[in-house]
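Quick mapping for you: the protein sequence lines, in order, are chains B and G. Be aware that the first sequence starts at 23, since it is given in the numbering used here, and climbs by one per residue. Be aware that the second sequence starts at 23, since it is given in the numbering used here, and climbs by one per residue. Yeah, the Cβ is synthetic: ideal placement off N, Cα and C, and Gly gets one too.
There are 2 protein chains.
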Amino acid sequence: MQYQEAKEKFISTWGSLGSLWGINKAMAQIQALLFISTKPLSMEDIMQDLKISRGNTSMNLRQLMDWGIVTKVLVSGERKEFFTTEKDVQELARIVAKERSRREIKPVIKVLDEVSSIKNDGTEKTKELIKQTKALRELTDDLDTLMNKLVNQKQNWLTKSVLKLMK
Amino acid sequence: MQYQEAKEKFISTWGSLGSLWGINKAMAQIQALLFISTKPLSMEDIMQDLKISRGNTSMNLRQLMDWGIVTKVLVSGERKEFFTTEKDVQELARIVAKERSRREIKPVIKVLDEVSSIKNDGTEKTKELIKQTKALRELTDDLDTLMNKLVNQKQNWLTKSVLKLMK
DNA sequence: AATAACTTTCAGTAATTATTGAAAGTTTAA
DNA sequence: TTAAACTTTCAATAATTACTGAAAGTTATT
Chain B
23 MQYQEAKEKF ISTWGSLGSL WGINKAMAQI QALLFISTKP LSMEDIMQDL KISRGNTSMN
83 LRQLMDWGIV TKVLVSGERK EFFTTEKDVQ ELARIVAKER SRREIKPVIK VLDEVSSIKN
143 DGTEKTKELI KQTKALRELT DDLDTLMNKL VNQKQNWLTK SVLKLMK
Chain G
23 MQYQEAKEKF ISTWGSLGSL WGINKAMAQI QALLFISTKP LSMEDIMQDL KISRGNTSMN
83 LRQLMDWGIV TKVLVSGERK EFFTTEKDVQ ELARIVAKER SRREIKPVIK VLDEVSSIKN
143 DGTEKTKELI KQTKALRELT DDLDTLMNKL VNQKQNWLTK SVLKLMK
């Protein structure tokens with residue numbers, strides 16, 4: 023396999039994996055492209071490489087910047103804007119975990135809290151609803167906390183040692 | 023908040039959360055309904071409660087059974103089939119983690135391996151592609167392993183102690 | 001202050017994904 | 001073995017989501 027093929031394979035795989043970490047295809051592909059690029063790219067570069075429209079590129083770059091995954095960089099002597107992504111995978115994971123937690127998991131925990139605190143009228147079905155939503159709330163909270171703690175370890179000694187412990 | 027409202031809130035929240043654990047809305051809602059139900063439900067029950075068609079119910083129940091989350095139960099004296107879901111959240115998490123790993127993460131790791139093992143022709147861009155995809159492969163593998171190990175602990179002493187350790 | 005270089009917005013459209021419902025299929029009971 | 005009770009399948013359609021491209025907006029240069 024040659025460079026070009028490998029590059030395309032990486033970008034398309036990472037793109038279709040976007041759903042796993044909660045972002046859309048174009049967003050994931052732009053991030054992938056920047057991730058393996060040796061220098062910052064302009065909007066024009068990205069459009070041409072991924073064959074997507076200017077509007078699409080602009081919108082998705084914005085979202086990536088909202089997530090804190092991509093940043094604008096100024097290239098001296100150039101009028102247009104250039105973009106680059108976080109290159110360190112640990113830091114990338116940290117950002118993604120934090121954002122997903124904030125955007126999706128925390129709101130769900132809030133709803134589970136509300137639901138599980140309805141008045142217990144003593145009926146079977148109410149008891150079951152309370153019991154099950156409480157259990158789900160606990161689990162969601164534990165996994166959320168754990169994920170955040172893990173990826174937060176800048177030096178990943180803890181992750182490594184936990185992994186070793188468990189093998 | 024009364025039972026009915028709480029129930030609807032739980033089902034719709036869990037449904038829209040489906041994307042987070044990789045299944046579609048109807049699938050997640052059916053699972054949610056079964057999860058808080060005190061007894062197994064028939065296809066008819068599910069259709070009526072969630073206001074979805076027979077076909078949709080049938081297809082999504084099948085998928086839930088494929089995942090191993092929902093099982094058929096025979097109710098004596100009844101001709102039709104009844105369904106129930108795994109009620110233990112730990113076990114549920116274990117199944118979901120295992121399935122997602124198998125369906126999505128493992129195949130990605132395979133591609134990352136292929137891509138990162140292209141011939142190093144010494145150019146900058148090739149070196150960058152190899153370096154970055156290798157880093158991503160390591161991280162993906164670590165997180166996958168960790169997640170599986172964690173939810174695999176039937177008795178969750180390890181999870182608890184790791185959580186405590188990290189707080 | 002006019003113009004060129006560039007970016008953003010958004011209505012329209014395309015692509016994708018989910019849902020319906022009725023016909024075909026299957027199982028059980030009489 | 002027939003018919004009723006039930007489930008599955010799948011082509012058609014609806015709903016959702018993503019993408020385009022051109023016009024409007026912004027910023028820098030002369």
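| request: For chain B, find out if any of its Cβ atoms is closer than 8 Å to the Cβ of residue 154 of chain G; answer yes or no. | output: Numbered from its first residue, the second sequence carries residue 154 of chain G at position 132. Closer than 8 Å: yes.
*How many angstroms separate the CA atom of residue 83 of chain B from the CA atom of residue 145 of chain B?*
If you number the first sequence from 1, residue 83 of chain B lands on position 61. If you number the first sequence from 1, residue 145 of chain B lands on position 123. Cα-Cα distance, rounded: 52 Å.
*asked:* Is the beta carbon of residue 50 of chain B closer than 8 Å to that of residue 63 of chain B?
replied: Counted from its first residue, the first sequence places residue 63 of chain B at position 41. Counted from its first residue, the first sequence places residue 50 of chain B at position 28. Going by C-beta atoms, residue 63 of chain B is not nearer than 8 Å to residue 50 of chain B.
- Please list the partners that residue 23 of chain G has in chain B, where partner means a Cβ-to-Cβ separation under 9 Å. The sequence position of residue 23 of chain G within the second sequence is 1, counting from 1. Within 9 Å Cβ-Cβ: 136, 137, 139, 140, 141.
Query - For residue 155 of chain G, the first and last residue of its enclosing alpha helix (DSSP H) - result: Position 133 of the second sequence holds residue 155 of chain G. Taken as a continuous stretch (DSSP letters only), the alpha helix (DSSP H) holding residue 155 of chain G covers 146-174.
Contact set between residue 115 of chain G and chain B, taken where Cβ atoms lie within less than 9 Å: One-based indexing of the second sequence puts residue 115 of chain G at position 93. Under the 9 Å cutoff, chain B gives 161, 165.
query: Taking the Cβ atom as the reference point for each residue, do residue 191 of chain G and residue 159 of chain G lie within a distance shorter than 8 Å?
result: Residue 191 of chain G falls outside the range modelled here, since chain G spans only 23 to 189, and no answer is possible.
**OP:** Quick one: list the residues of chain B neighbouring residue 28 of chain G, beta-carbon separation under 7 Å, in chain order.
**Re:** Looking up residue 28 of chain G in the second sequence gives position 6. Near residue 28 of chain G (Cβ distances below 7 Å), the residues of chain B are 137, 140, 151.
> What did DSSP end up calling residue 29 of chain G once you bin it into helix, strand or coil?
Replying inline: As a position in the second sequence, residue 29 of chain G is number 7, starting the count at 1. Residue 29 of chain G falls in the helix class under three-state DSSP.
For the beta strand (DSSP E) that residue 97 of chain B lies in, which residues bound it at each end? On the first sequence, position 75 is the one that residue 97 of chain B refers to. Element bounds for residue 97 of chain B: n/a, residue is neither H nor E.
> Taking Cβ positions only, does residue 126 of chain B come closer than 8 Å to chain G?
Replying inline: As a working note, residue 126 of chain B is residue 104 in the first sequence. True, the Cβ-Cβ gap to chain G drops below 8 Å.
>> I want to see whether chain B comes within less than 8 Å of residue 107 of chain G, judged by CB atoms only; does it?
In response: For the purposes of this step, residue 107 of chain G is taken as residue 85 along the second sequence, with counting starting at 1. No, residue 107 of chain G does not count as interfacial toward chain B.
Q. Buried or exposed: which applies to residue 26 of chain G, given that a residue is buried once 16 or more other Cβ atoms fall within 10 Å of its Cβ?
A. Within the second sequence, numbered from 1, the residue matching residue 26 of chain G stands at position 4. Exposed is the call here.
Grouping DSSP H, G and I as helix and E and B as strand, with all else coil, what is residue 79 of chain B? Walking along the first sequence from the start, residue 79 of chain B turns up at place 57. Residue 79 of chain B: helix per DSSP, three-state reduction.
*Whose C-alpha, out of B/147, B/37, B/120, B/133, is nearest the C-alpha of residue 19 of chain B?*
Absent from the structure is residue 19 of chain B, since the part of chain B shown begins at 23 and ends at 189.
Legend entry - Beta-carbon proximity list for residue 46 of chain G, same chain, < 7 Å, skipping 5 on both sides: Within the second sequence, the letter at position 24 stands for residue 46 of chain G. Only 40 meet the Cβ criterion.
| Closer than 8 Å, CB to CB, is residue 93 of chain G near chain B or not? | Numbered from its first residue, the second sequence carries residue 93 of chain G at position 71. False, the Cβ-Cβ gap to chain B never drops below 8 Å.
Any beta carbon of chain B sitting closer than 8 Å to that of residue 157 of chain G?
Walking along the second sequence from the start, residue 157 of chain G turns up at place 135. Yes, contact with chain B.
Checklist entry - With a CB to CB cut of under 7 Å and the five nearest residues on each side skipped, what residues in its chain are close to residue 127 of chain B? => result Taking the first sequence and counting its residues from 1, one reaches residue 127 of chain B at position 105. Result list for residue 127 of chain B: 162, 166, in chain order.
Kindly identify the DSSP beta-bridge partner or partners of residue 38 of chain B.
-> Position 16 of the first sequence, counting from 1, holds the residue named residue 38 of chain B. Paired residues: none, contrary to the question.
With a cut-off of 8 Å, does the C-beta of residue 58 of chain G fall near any C-beta of chain B? Residue 58 of chain G sits at position 36 when you count from the first residue of the second sequence. With 8 Å as the cut-off, residue 58 of chain G counts as an interface residue toward chain B.
Quick one: list the residues of chain B neighbouring residue 32 of chain G, beta-carbon separation under 8 Å, in chain order. Numbered from 1 along the second sequence, position 10 holds the residue referred to as residue 32 of chain G. Under the 8 Å cutoff, chain B gives 133, 134, 137, 151, 155.
Query - Residue of G/157, G/52, G/149, G/170 minimising C-alpha distance to residue 24 of chain B - result: Sequence index remark: in the first sequence, residue 24 of chain B carries index 2 (1-based). For residue 24 of chain B, the nearest C-alpha among the options comes from G/149.
Review point. Between G/53, G/123, G/68, which lies nearest to residue 108 of chain G when the distance is taken from Cα to Cα?
Key: Indexing the second sequence from 1 puts residue 108 of chain G at position 86. It is G/53.
Next item on the list: Could you tell me which residues DSSP puts in a beta bridge with residue 64 of chain G?
Entry: Residue mapping note: residue 64 of chain G aligns to position 42 of the second sequence, counting from 1. Answer is G/104, bridged to residue 64 of chain G.
Item checked: residue 66 of chain G versus residue 79 of chain G: straight-line alpha-carbon distance, rounded -> As a working note, residue 66 of chain G is residue 44 in the second sequence. As a working note, residue 79 of chain G is residue 57 in the second sequence. Approximately 9 Å between the Cα atoms of the pair.
Check: Between B/68, B/115, B/154, B/73, which lies nearest to residue 172 of chain B when the distance is taken from Cα to Cα?
Finding: For this step, residue 172 of chain B is matched to residue 150 along the first sequence. Of the listed residues, the one whose Cα sits closest to residue 172 of chain B is B/115.
What residue from B/175, B/143, B/138 has the CA that sits closest to residue 28 of chain G's CA? The residue labelled residue 28 of chain G in the question sits at position 6 within the second sequence. When only C-alpha atoms are compared, the closest one is B/138.
Residues in the segment 37-65 of chain B with C-beta within 8 Å of chain G's C-beta atoms, listed in sequence order? 39, 41, 42, 44, 57, 58, 59, 60
Item to check | Residues bridged to residue 92 of chain B [DSSP beta-bridge criterion] | outcome: Here residue 92 of chain B is taken as the residue at index 70 of the first sequence, counted from 1. For residue 92 of chain B, which the question treats as bridged, DSSP gives the partners B/107.
Against chain G, does residue 121 of chain B count as a neighbour if the rule is that its beta carbon must be under 8 Å from one of theirs?
For the purposes of this step, residue 121 of chain B is taken as residue 99 along the first sequence, with counting starting at 1. So no, residue 121 of chain B is outside the interface.
Measure from the C-beta of residue 172 of chain G to each C-beta in chain B and report whether the shortest distance is under 8 Å. As a working note, residue 172 of chain G is residue 150 in the second sequence. Yes, its Cβ sits closer than 8 Å to a Cβ of chain B.
(message) Distance cutoff 8 Å, beta carbons only. Does residue 86 of chain B sit that close to anything in chain G?
(response) Taking the first residue of the first sequence as position 1, residue 86 of chain B is located at position 64. No, residue 86 of chain B lies away from the interface with chain G (no Cβ there is under 8 Å from its Cβ).
_Partners in chain G for residue 146 of chain B, counting only beta-carbon separations shorter than 7 Å_ = As a working note, residue 146 of chain B is residue 124 in the first sequence. Those within 7 Å of residue 146 of chain B in chain G are 60.
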